[in-house]
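J.: Just so you know, the sequences run in chain order P and L.
Heads up, the first sequence is in our numbering, so the first residue is 1 and it goes up one at a time.
Heads up, the second sequence is in our numbering, so the first residue is 201 and it goes up one at a time.
Note that the Cβ used here is the ideal one computed from N, Cα and C, for glycine as well.
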Amino acid sequence: MKVEGKFSDIELIAAISGKKDPNEAILFIYQEFSRTTSSFMINYGASEQDAEDVFQETVIAFIDIVQKGKFRMQSSIKTFLVSIARNIWRNEVKRRQRSDYREKQFESGRDQTEEDISELISEWEKKKQLRDLVYELGEPCRKLLMLFYYENLSMKEILTYLPYENEQVVRNKKYKCLQQLTEIMKQHPLIAGQLNELTK
Amino acid sequence: MVMNREQLIDHLDSTHLGNGSVDMDTRISEDPETALEWYQLRLAVDAVEQAAIYEQVSTVKAEWLARQSVAAPTTADGSGAVIRSISRTALRAAAVLFIIGSSAVIYKYSVTGSTGLYSAYCTPYELNTSRGAVLPDEMEEAYKNKNWAAVTDGFKKKKVKDNKSYFLAGMADLEAKKYDDAIGMFQQVMAANSLSGSDYFEDEAEFYLAMSWLARNDIKEAMPLLDKIRADKTHQYHDVVVKMSSLDLRIAEYKDLK
C-alpha cells in the first residue's frame with residue numbers, strides 16, 4: 001500500500017464511501033491530518049498517546065459517518081476531522097472527570113458545526129461500545145459477519161475467503177453467528193438497559 | 201410475533217443490500233416483540249461494521265507508524281577500492297596463495313550449505329519501540345525480551361491478528377527453530393498483502409521467509425525470494441542479500457540438487 005498522490009476532499013470521500021480498497025485513503029488521512037489534529041488535542045491537555053488514540057477513533061468515526069452518507073461536505077475534511085477529534089476528546093475528558101477548566105475551554109470554542117457534529121459523535125459513541133462485543137465471537141464468526149455485512153460479499157464470494165463447503169453452509173453459519181452475537185449483546189448491561197427502555 | 205427470526209434475518213440482509221421491502225418494515229413496526237428483535241439485529245450489524253472499520257484503521261495506522269519509525273537507510277560503506285601494487289615479492293607469494301586458495305575452495309565446498317548461509321546472513325529482527333501502540337502489547341514486550349514461547353502465546357491470545365503479529369510470531373518460531381511454523385506465518389503475511397494490496401511487513405516477511413527456507417535446508421525455495429530481493433533496490437533487505445556471496449549460494453544450490 002503506497003500513497004502515490006494526494007486526494008482531493010471529493011476523491012477521499014469517494015474512496016471511503018465506495019469501500020473499494022479505502023486503505024490508501026486512510027493512510028492519506030493519517031499522513032495529512034494526524035499531526036494537526038494531534039497538536040490541537042495536545043493543546044487541550046491530551047498526552048501524545050491520548051492524541052494518537054483519539055485520532056484513531058476520529059478516523060473510525062469519520063469513516064462511519066461518511067459510509068452512512070451523513071457527511072454533507074459543509075466544511076473541509078480537515079475541519080471536520082478536527083471537530084470530530086474535539087468532540088471525542090471532550091467526551092473522554094468528561095469520562096475521566098478531569099478539571100472543569102478544560103471543559104470550559106472546549107465550550108468556549110464551540111460553534112454551530114460543532115453542535116451538529118456533537119450529535120453525530122454521541123450517536124457513533126453508542127455504536128462504538130458495541131464494537132468490543134464482536135470480539136467475544138470466535139474469529140471464524142467474526143470474519144464471516146464482517147465479510148458479509150461490511151465488505152458486502154455474497155455467499156459465493158465468501159467461499160473464496162473461508163473454508164466452507166458451499167453457499168448453504170456459509171448461510172447457515174452466518175445465521176448462527178448473528179444469533180450468537182445478538183445473545184452476547186443481550187447480556188451487555190448497556191444493551192439490556194436499552195432493550196428494557198424499548199419494551200416500556 | 202408476526203415474523204420468525206429467519207424471516208427477520210432475510211429481511212435484514214435484503215435491507216442491508218438496499219432491497220428491503222416496505223411491507224416487511226410495516227409488519228415489523230406493527231408488532232412490538234418483532235420490532236425489538238429487529239432492533240437487536242440492527243445493533244448487531246452496527247457492531248460488526250464498527251469492528252470491521254476498527255480493524256481496517258488499526259491495520260493502516262500500524263503501517264503508518266511502522267513507516268514513521270523506519271530508520272534512515274544505512275549509508276553505504278564509503279571505503280574506496282584498494283589499489284595494490286604487484287611486486288616481485290607478491291608474485292612469489294602468489295604460488296603460496298594459490299595453494300592456500302585451492303585449499304580454501306575445497307574447504308568452502310565442504311562446509312557451504314543452506315544452513316550455513318542461514319547462520320551467516322540471518323540477523324535477528326529488531327523490533328522498534330512502537331510509540332503509538334493503542335495498548336501495551338504483550339506480544340511485542342515478549343518479543344523484545346526474547347521470550348519466544350510468550351510471543352507465541354501472545355499471538356494465540358490476540359483477538360485482532362494483523363501482519364505485524366503474524367510476522368513476530370514467525371520470527372519467534374524461527375528463533376525457536378520451528379522452521380515450518382515460521383514459514384507458515386511469513387507466508388500468511390504475504391498472502392494477506394496480496395489480497396489487500398498492502399505491503400505491510402512484506403519486505404520483512406519475504407526476507408525472513410527466505411531465511412527460514414535456508415534454515416530448513418531448502419535453498420530451492422529460498423532462491424526465487426533472494427533473487428527478487430536482489431533485483432529490487434528499494435527492498436529493505438536488498439543490501440543484505442547483495443552481500444550474500446553468489447559463490448556460496450551456487451555451491452549450496454548445487455549441493456541441494458545433488
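Between the region 188 to 197 of chain P and the region 235 to 251 of chain L, do at least 3 Cβ pairs fall closer than 8 Å?
T.: yes
J.: Just to confirm before moving on: does the CB-CB distance between H211(L) and M224(L) stay below 8 Å?
T.: Their beta carbons are under 8 Å apart, which means H211(L) touches M224(L) by this criterion.
J.: Taking 8 Å as the CB-CB cut-off, is W238(L) touching chain P?
T.: At least 8 Å separates the CB of W238(L) from every CB of chain P.
J.: Do V260(L) and Y30(P) have their beta-carbon atoms positioned less than 8 Å apart in this structure?
T.: yes
J.: By a C-beta neighbour count over all protein chains shown, 10 Å radius and 16 as the cutoff for buried, is A349(L) buried or exposed?
T.: Under this definition A349(L) is an exposed residue.
J.: Counting pairs of Cβ atoms below 8 Å between the region 32 to 46 of chain P and the region 71 to 82 of chain P, do you hit three or more?
T.: yes
J.: In angstroms with no decimal places, state the Cα-to-Cα distance between M423(L) and R416(L).
T.: For M423(L) and R416(L), the distance between alpha carbons rounds to 13 Å.
J.: Can you pull the chain L neighbours of I60(P), defined as C-beta to C-beta under 8 Å?
T.: Q250, I253, Y254, V257
J.: Taking all protein chains shown into account, do 16 or more other C-beta atoms lie within 10 angstroms of the C-beta of S8(P), making it buried, or fewer, making it exposed?
T.: exposed
J.: Would you mind giving the Cβ-Cβ distance between E52(P) and S38(P), rounded to the nearest angstrom? I have them listed as a contact below 8 Å.
T.: 7 Å
J.: Just to confirm the assignment: which complete alpha helix (DSSP H) runs, minimum length 4, are found wholly within the region 102 to 175 of chain P?
T.: 112 to 134, 139 to 149, 155 to 159, all fully within the region 102 to 175 of chain P.
J.: Is it true that the region 43 to 51 of chain P meets the region 232 to 240 of chain L, where meeting means three or more beta-carbon pairs spaced less than 8 Å apart?
T.: no
J.: Below 7 Å CB to CB, which residues in the same chain sit around N328(L) once its five sequence neighbours on both sides are set aside?
T.: S269
J.: On the premise that F401(L) lies in contact with K364(L), defined as a C-beta separation below 8 Å, what is that separation, rounded to the nearest angstrom?
T.: 6 Å
J.: Exposed or buried, which one is I63(P) when buried takes at least 16 other CB atoms within 10 Å?
T.: buried
J.: Could you give the distance in angstroms between the alpha-carbon of E263(L) and the alpha-carbon of E341(L)?
T.: In a straight line, the C-alpha of E263(L) is about 19 Å away from that of E341(L).
J.: V360(L) by DSSP, collapsed to three states: which one?
T.: coil
J.: Under 8 Å by Cβ, that's how I've got M155(P) and E167(P) pegged, so tell me the actual separation to the nearest angstrom.
T.: 4 Å
J.: Just reading off the alpha helix (DSSP H) that N23(P) is part of, what are its end residues?
T.: 23 to 43
J.: Taking W264(L) as the query, report the chain P residues whose CB atoms sit under 9 Å from its CB, ordered along the chain.
T.: I26, L27, Y30, Q31, S34
J.: List, in chain order, every chain P residue whose beta-carbon is nearer than 7 Å to that of V245(L).
T.: Y149
J.: For M423(L), does the three-state DSSP call read helix, strand or coil?
T.: helix
J.: Flag R90(P) as yes if its beta-carbon sits less than 8 Å from any beta-carbon of chain L, otherwise no.
T.: No, because no Cβ of chain L sits closer than 8 Å to the Cβ of R90(P).
J.: Taking CB distances under 8 Å as the criterion, tell me whether Y175(P) reaches chain L.
T.: yes
J.: Can you say whether I10(P) is buried or exposed, counting buried as having 16 or more other CB atoms within 10 angstroms of its CB?
T.: exposed
J.: Am I right that M390(L) and E375(L) are in contact with their C-beta atoms under 8 Å? What's the rounded C-beta distance?
T.: Not really, about 20 Å apart at Cβ, beyond 8 Å.
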